[in-house]
Every structure is written in C-alpha cells, then in structure tokens.
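Worksheet for the structure shown next.
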Amino acid sequence: MTNSIFITGATSGFGEACARRFADAGWNLIITGRREQRLKLIGEELATKTEVLTLAVDVRDRQAMQEAIDNLPDRFARLTGLINNAGLALGIDPAHQCSLDDWETMVDTNVKGLMFTTRMLLPRLIAHGRGASIVNIGSVAGNWPYQGGNVYGGTKAFVRQFSLGLRCDLAGTGVRVTDLEPGLCESEFTLVRFGGDQARYDATYAGASPVQPQDIAETCFWLMTQPPHLNINTLEIMPVSQTWGGFAIHRE
Ligand code: NDP
Ligand code: 8X3
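In structure tokens:
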C-alpha cells in the first residue's frame, strides 16, 4: 500500500517543503491551506510525481474541516502520516500592549485548529496502525520564554503537552507522535508576525544562517521513516548561531 500523508499549511514554508519532500519519496499527499490559488499550483506541480489532493480549508473552521475530512476518498481511510504544521505568530509586543484579536487568532489556529484536525484524523491513523506517525510542529518558544513570546509561546507549550498526552492515549495503537520544536527558521512566518515588514524580516535573519524549510522537511521525513518500534518524543532544532540569552534583570 502506498504511504499517504496529510499536511496542514502546505502553501508556504515548512508545509510546502514537506509536501515536496514526501512527494519526492512517492507518498500520496493531502495538502491544505487557505490560499487556494497557491495550494492549487503546488498541487498541480506535485501531481506530476504522486497523487495529490488539495483542501482549501481554514483550520479554525471546525465544520469545514470536518466536512472536508468526512468526504476524503475511501483510499485515504488509512493515513501513514499527519503533519500538523499550520500556525502563526502575530506580533512580538509585551503582553500589556498586545491585541486581543491577535491572541485569539493564535489560539484558534495553533491550539484549536491543531487539536480538531488531530481528533478528526486519528481514526485513519489508528486504522493504519504500526508505523503511522503524527508530527506536531511546536517551537522552542514553547520551551523557552522570551519577551513578546507570551501567547505564541503558550500555544506551542500546549502543542508539546498535547503531543506527549497523545502518546499516552495512543499506547498499543502503533501510532507515533513527535513534537518537533524548531528555533530560528527562514520563512514567511516572520513576515506574518511583523505584518509584512520586509525590513524586520531581513533584520531577523541577517548573518544568522537560519534553519531552512527544507531542513525541517528532511527532519519530518526522517522522523516518519524511523523503524516502527521507535518514537522520537520531542526534537528541538536550532541554527548553530542561535543559543540562550540568560536571565533578564531589571535594576532600579
Ligand atoms: P509560513 O508562514 O511559511 O507557513 C504557515 C502555513 O500555515 C501556511 O501554509 C499558511 O497557509 C498556514 N496557515 C496559517 N494559518 C492558517 C489557518 N488558519 N488555516 C489553514 N492554514 C493556515 O511559516 P512556517 O512554515 O515557518 O510555519 C509553519 C509552522 O512552524 C507554524 O506552526 C509555526 O508556528 C511553526 N514554527 C515556525 C518557526 C519559524 O521560525 N519559521 C519556528 C518554529 C515553529 P495559508 O496562509 O495559505 O492558510
Ligand atoms: C518560532 C521561533 O523563536 O521566533 O516558533 O518563537 S521563535
């Protein structure tokens, strides 16, 4: 049976790179994202290598996601993989200056979208059983606090704990779960976070040799092709240039 993988947020960055990596390996793809035209173009390109199904769905729209998943063709009754990648950060202001709308969008996308998608697809992963894998895209922001990380970091701490909890619940099913926790990576993530500000994007990555989406895709592929008796629980990945800043002390 051909391997099949469901990837959320495949219109750019990690998700798009994962779609390309898994297509190269001959896995059938179900790829999602809100930008329908970009999704369609990526889908058409990759359809020259493998079978691709595109679902233009907002992960925050629980009903639309449920309908899309309920209507998947029978050949996707079993899934080998799920990459819960769709997500975003909005802003980097201190908590007392943040927009509540931005906070709500991050929680709705990174927390609720991820947990709904997971719940809806779990039966198909369990039907596959041994060798199936979920990779949830967490972040170093879920492990290490930084100024302005507030709710974004909180959503990624949820992703980590949810991933570990899933491992407990999936005992005996053969389904593996990893929380993959990247640090500084170059992608549209930073444009989204800074409202399209190209100068801040450039300053974020200048001289830092950040992790690239292809590095994350290669890591996801490695995680999902480990021998089926192995589960990588959590995996942090940073560029060599990135490390910790130590504690901040405010002095009078
Ligand atoms: P991108 O902005 O390039 O990609 C984000 C993807 O998520 C896009 O395909 C976007 O598609 C999709 N997405 C966002 N909101 C929604 C939504 N409501 N419904 C459906 N899809 C959505 O950034 P990255 O590839 O870097 O980010 C991917 C994941 O990696 C995110 O979860 C992010 O938090 C995480 N991450 C990123 C890091 C980085 O430094 N870049 C580091 C650590 C983690 P569309 O807009 O078409 O809907
Ligand atoms: C993205 C990494 O450090 O910008 O999750 O929060 S960071």
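FYI, in our numbering the residues of the sequence shown are 2 to 253. Even for Gly, the Cβ is constructed at its ideal location relative to N, Cα and C.
| Does the beta-carbon of residue 123 have 16 or more other beta-carbons within 10 angstroms, so that it is buried, or is it exposed? | buried
| With contact counted as at least three CB pairs below 8 Å, one residue from each stretch, are the region 220–237 and the region 42–57 in contact? | no
| task | Measure the alpha-carbon distance for residue 150 versus residue 58 and round it to whole angstroms. | result | 27 Å
| query | Mind checking residue 47: buried by the 16 CB within 10 Å criterion, or exposed? | reply | buried
| Closest residue to residue 212 among 231, 228 and 187 (Cα-Cα distance) | 187
| Looking only at C-alpha atoms, which of 77, 11 and 252 sits nearest to residue 328? | No answer is possible for residue 328: the residues shown for the chain start at 2 and end at 253.
| said: If you measure between the beta carbons of residue 217 and residue 7, is that distance less than 9 Å? | reply: no
| said: Could you check whether residue 34 and residue 65 sit closer than 9 Å to each other, using their CB atoms as the reference points? | reply: no
| message | So for residue 82, helix, strand or coil by DSSP? | response | strand
| Tell me which same chain residues have a C-beta within less than 6 Å of the C-beta of residue 4, skipping the five on either side of it? | 28 and 81
| query | What number of angstroms, rounded off, separates the C-alpha of residue 20 from the C-alpha of residue 43? | reply | 9 Å
| field | Identity of the residues DSSP links to residue 33 by a beta bridge | value | 56
| residue 182 in three-state terms, based on DSSP | strand
| query | How many angstroms separate the CA atom of residue 94 from the CA atom of residue 63? | reply | 29 Å
| request: Could you tell me which residues DSSP pairs with residue 212 in its beta bridges? | output: 186
| message | Whole angstroms are fine: how far does the CA of residue 118 sit from the CA of residue 175? | response | 19 Å
| message | Would you say the beta carbon of residue 11 is closer than 8 Å to some non-hydrogen atom of ligand 1? | response | yes
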